[in-house]
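Engineer: Protein chains in written order, with the working numbering: chain A, 20 to 108; chain B, 2 to 904.
Beta carbons: idealized from backbone N, C-alpha and C, even for Gly.
Here the structure is a predicted model, which is why all the values come from computation and not from measurement.
(1) Excluding five sequence neighbours on each side, which residues of the same chain lie with their C-beta closer than 6 Å to the C-beta of residue 971 of chain B?
(2) Consider the Cβ of residue 59 of chain A: report whether some Cβ of chain B lies at a distance smaller than 7 Å.
(3) How many Å lie between residue 340 of chain B and residue 414 of chain B at the Cα?
(4) Only counting the same chain, and skipping five residues up and downstream in sequence, which positions put a Cβ closer than 7 Å to that of residue 338 of chain B?
(5) Within 10 angstroms of its Cβ, does residue 24 of chain B collect 16 or more other Cβ (buried), or is it exposed?
(6) Return the bridge partner residues of residue 248 of chain B from the DSSP annotation.
(7) Flag this pair as yes or no: are the beta carbons of residue 175 of chain B and residue 58 of chain B separated by less than 7 Å?
(8) Would you kindly report the start and end of the unbroken alpha helix (DSSP H) that includes residue 590 of chain B?
(9) Could you tell me whether the Cβ of residue 75 of chain A comes closer than 7 Å to any Cβ of chain B?
(10) Looking only at its own chain, which residues have a Cβ that is under 6 Å from the Cβ of residue 858 of chain B, when we skip the five neighbours before and after it?
(11) How long is the line joining the alpha carbons of residue 818 of chain B and residue 720 of chain B, rounded to whole angstroms?
(12) Give me the Cα-Cα distance between residue 46 of chain B and residue 34 of chain B, rounded to the nearest whole angstrom.
(13) Note down, in chain order, every chain B residue with its Cβ under 7 Å from the Cβ of residue 80 of chain A.
(14) Is there a Cβ of chain A sitting closer than 7 Å to that of residue 373 of chain B, yes or no?
(15) Using a Cβ-Cβ cutoff of 9 Å, what residues of the segment 30-59 of chain B are near chain D? List them in chain order.
(16) Does DSSP classify residue 880 of chain B as helix, strand or coil?
(17) Can you check the segment 697-741 of chain B for any alpha helix (DSSP H) of at least 4 residues that lies completely inside it and give the ranges in chain order?
(18) Around the Cβ of residue 509 of chain B, are there at least 16 other Cβ atoms within 10 angstroms (buried) or fewer (exposed)?
(19) Figure out for me which residue from B:768, B:613, B:729, B:170 has the closest Cα to the Cα of residue 249 of chain B.
(20) Taking residue 440 of chain B as the reference, give the member of B:854, B:860, B:40 with the closest Cα.
(21) Mind listing the chain B neighbours of residue 97 of chain A? Cutoff is C-beta to C-beta under 8 Å, in chain order.
(22) With residue 942 of chain B as the anchor, note down where its beta strand (DSSP E) starts and where it stops.
(23) Any beta-carbon of chain A closer than 7 Å to the one on residue 895 of chain B?
(24) Taking Cβ positions, are residue 362 of chain B and residue 395 of chain B nearer each other than 7 Å?
(25) Can you tell me the Cα-Cα spacing of residue 754 of chain B and residue 43 of chain B, whole angstroms?
(26) Straight-line CA distance for residue 652 of chain B to residue 693 of chain B?
(27) How would you list, in chain order, the residues of chain B whose beta-carbon sits under 8 Å from the beta-carbon of residue 66 of chain A?
(28) Can you pull the chain A residues whose beta carbon is under 7 Å from the beta carbon of residue 109 of chain B, in chain order?
(29) For residue 70 of chain B, return the contacting residues in chain A, with the cut-off set at a CB-CB distance below 7 Å.
(30) For residue 843 of chain B, I'd like the list of residues in its chain whose CB is within less than 6 Å of its CB, leaving aside the five on either flank, ordered along the chain.
(31) Leaving out five residues on either side along the sequence, give the residues of the same chain with a beta carbon under 7 Å from the beta carbon of residue 67 of chain B.
(32) Assuming the contact rule is C-beta atoms closer than 8 Å, residue 110 of chain B and residue 164 of chain B should be a hit. Round their C-beta distance to whole Å, please.
(33) Please state the DSSP three-state secondary structure of residue 35 of chain B.
(34) Going residue by residue through the segment 774-836 of chain B, where are the continuous alpha helix (DSSP H) segments of at least 4 residues, counting only ones entirely within it?
(35) What are the boundary residues of the beta strand (DSSP E) that residue 94 of chain A is part of?
(36) Report the three-state DSSP secondary structure of residue 422 of chain B (helix, strand or coil).
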């Protein structure tokens, strides 16, 4: 994903207040979830950023976790900060 | 211009906006008691006001992913592993300025669906949700700010946010995952399975017709199977999570392979202990993930004060994840964490904290004595607790969250009452809890006083001061009546008078069985109370009393849905007694079929979706090795039958008795014709308002004017009129007895519960005009003892006299709401008057009273200009809610209530 497509909910510094906005831990300001990120962007662990994630060819935003034997379905925006199998690309 | 009912009644000298005692001042009068939150809670409360109800699929995703893998596992262990996996994986978020941390989901006001309970709603909406999810677009701040005016409800999709259930927003990128998760539960959820088994009941069609006609509007088994009960914080407070895991493991090894004389469920204990340890480990990891997040934030934080606060948070969480809390702050964090963990385990409303001031008193006393904390610091923490509890959202369908709950979560905190040995239990911390409630006025936790003659005036007058903020809390409950009810219902399960004194309120005002526990802190011993019963307000809910009467009048037929709901009785109803008998027959038929259906629902729930974490918190699940569903809990006879619309039903019976049977002024056929034609008025939906005052005539015809006028003038509940009060008494004596003839799945007799919550709006909307003059589609009277708005014309003591003609200890509760103008109780003298008014009702056998101390003009202005009233709260029926977050039907009803200008 190019940086211009990244949104605040992709950033580790962003505390999501609700589905539309959140607080930046660095600036302490309220920012829109969908507004462009700044130079301090810190990538949040999400399935889409994991080497174990394979995107579904048929269904956009969905994919598979290859790290588990059962290869469960998952989705690219699933936050994986506590996933023990997360492997950053 | 169509003529309004309000104008017609004004002409007849029966003004509908009735003010008792005198006239309210011309100008709007504000609340007498107004204080501001402390700085920190104020900022966090402001953040709440600007926050949308937000749902995420994280927890259900992780839960379902693990659950799918384990189809060969023992069900309770399978569920425990899935819960542990979900708790361990959800994302922790900590917001700047917080001292109390953690939440249901990563959002400030976050929640999530539980499709293992019911997935049908999402599947039915699948196409619609997908379509919304596919509509990409940038977020417009203008669009978002529109929601601020209506509170945090996301009633419409916008930008990348999809509205679900008319209240919750979900990021569009999560919606496809939500649909996939929901699909995983098709045919497996409690809802789907119960349907298969309910259909085996010979009278299943009757049940379906009752639900379709909204004679009943809530099925608890697959919507909110737990709640309306008092939580128990004792075990983690005493033993810490490490201690509890140790107990579970020890007990598992003791019972492994042993039935111990119980050939049916003795072996289940091993699996329960294993499951309990697993979930405890999951909750531990969840807490420690927040601690890690606090350390991470501390490491990146430049501001030294904030940095230190993050480290304090981490230290606090690391302590409570393992051990008994050491300080008041740690104890408060622990009980809040435990509360949220329970809410994340299952779909729940009304999981009430109980007597928190008494539970936390040991830490408060020791911290104050050691000068580790000041009272001002305690108040700040209690304010923060209020904000966090207010952030709790309950995720369920629109019908449940909107129609029943008005978005409320009913976390009722009880105060006062008696100690185990019968002394006043009111304490200093409870005074501070009220002070926090005054400064930081929020809907949660709502407060209740367990009124007892032994409570000191200082405590009672503080409660009155709190009432005068206009927040609607504390509600006043009759402690002695509650104890009497508990002994009546739970004596058969071994309850003693000492144990009954541990009572607290669950949900709105559900009297709940509790127990005493011996707690040790730093070598000093205390006795603290905690919940000890199954959920209440599970069973048969809510029954629309006027709608059942309507069916009795129309031979079992519902004109709105054009359905023959009940078998036709084919009686001419020539006498009042015959009408009353038919009414009772239909009612009993309703309770019978619904209680059996509900038993199936909850049985499926306990077999596949049993409570584990919540179970281990309550006595005697850990001791017995059985979860709630296997009756490990001490008190099991908690299922009940809940009614709605009592005043309209009683008033209607009185009108029929007077006008048709006694005075023979009209025939029953004439009355029925008038009802079907809505007394010549338009339908409430067409008018766009559900209050009686706003209803408009269809034309200038006067066909039904006289009959309508006489219906309105017929005797009404709430005026100390024996004609109508005798009908109320006869109904209550029958109803309270009838409920006990039905049995819950735990083979215990049910009992009466008489609160309306918000169902008087929804059930009023489906009811034709009623013989008391209420028009079609308009809201019923709230509660059970509240008179119909504007019909109580003889003052508060007449209302009390009517309400206490029956023995209220035979019901779990009764409910009376009263609206007072602030000037009626102004000053110290006013406070005394309000206390005496309250005492008068409770001393005469009333169970509950609560007040809206507000100028009706404020409410009208708030309805016209909601953007100016984001913080305004009102008491509805057992709960306080933000004005802007309740539906118009209920707003109209609160405005229409009689306003007392003097007491």
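Structural biologist: Answer, in terms of the structure:
(1) Limits of chain B in this structure are 2 at one end and 904 at the other, which puts residue 971 of chain B out of reach.
(2) Using a Cβ-Cβ cut-off of 7 Å, residue 59 of chain A does not count as an interface residue toward chain B, since no Cβ of chain B sits closer than that to its own.
(3) Going from the Cα of residue 340 of chain B to the Cα of residue 414 of chain B covers about 13 Å.
(4) Leaving aside the five residues that flank residue 338 of chain B on each side, the residues in its chain whose CB is nearer than 7 Å to its CB run, in chain order, 103, 288, 321.
(5) Counting Cβ neighbours within 10 Å, residue 24 of chain B comes out exposed, since fewer than 16 surround it.
(6) The bridge partners DSSP lists for residue 248 of chain B come to none.
(7) At the C-beta level, residue 175 of chain B and residue 58 of chain B come within 7 Å of one another.
(8) Residue range 577-609 is occupied by the alpha helix (DSSP H) that includes residue 590 of chain B.
(9) It does not: the Cβ of residue 75 of chain A has no partner Cβ on chain B nearer than 7 Å.
(10) Beyond the five residues adjoining it in sequence on each side, residue 858 of chain B comes within less than 6 Å, by CB distance, of 29 in the same chain, given in chain order.
(11) One C-alpha to the other measures close to 15 Å.
(12) Rounded to the nearest angstrom, the two C-alpha atoms are 19 Å apart.
(13) Chain order gives the chain B residues near residue 80 of chain A as 174, 177, where near means a beta carbon separation below 7 Å.
(14) With 7 Å as the cut-off, residue 373 of chain B does not count as an interface residue toward chain A.
(15) Protein chains in the displayed structure are A and B, and chain D is not among them.
(16) Coil.
(17) Here the runs fully enclosed are 706-714, 723-740.
(18) In summary, residue 509 of chain B is buried, with 16 or more beta-carbon neighbours lying within 10 Å of its beta-carbon over all protein chains present.
(19) Ranking the options by Cα distance to residue 249 of chain B, first place goes to B:613.
(20) By alpha-carbon distance to residue 440 of chain B, the top candidate from B:854, B:860, B:40 is B:40.
(21) 59, 62, 178, listed in chain order.
(22) Limits of chain B in this structure are 2 at one end and 904 at the other, which puts residue 942 of chain B out of reach.
(23) False, the Cβ-Cβ gap to chain A never drops below 7 Å.
(24) Going by C-beta atoms, residue 362 of chain B is not nearer than 7 Å to residue 395 of chain B.
(25) Our two residues, residue 754 of chain B and residue 43 of chain B, have alpha carbons roughly 37 Å apart in a direct line.
(26) Here the alpha carbon of residue 652 of chain B sits roughly 15 Å from the alpha carbon of residue 693 of chain B.
(27) The premise fails here: residue 66 of chain A is roughly 10 Å from chain B at the closest Cβ pair, so nothing lies under 8 Å.
(28) The contacting residues are 36, 37.
(29) Correct list: 89.
(30) In its chain, beyond the 5 residues on either side, 452, 479 have a beta carbon closer than 6 Å to the beta carbon of residue 843 of chain B.
(31) Hits under 7 Å: 82, 83, 86.
(32) Not confirmed; about 15 Å, so no contact.
(33) In the structure shown, residue 35 of chain B sits in coil (DSSP, three-state: anything other than H, G, I, E or B).
(34) As far as the segment 774-836 of chain B is concerned, its whole alpha helix (DSSP H) runs of at least 4 residues are 797-804.
(35) Start and end: 92-94.
(36) The DSSP-derived three-state label of residue 422 of chain B is coil.
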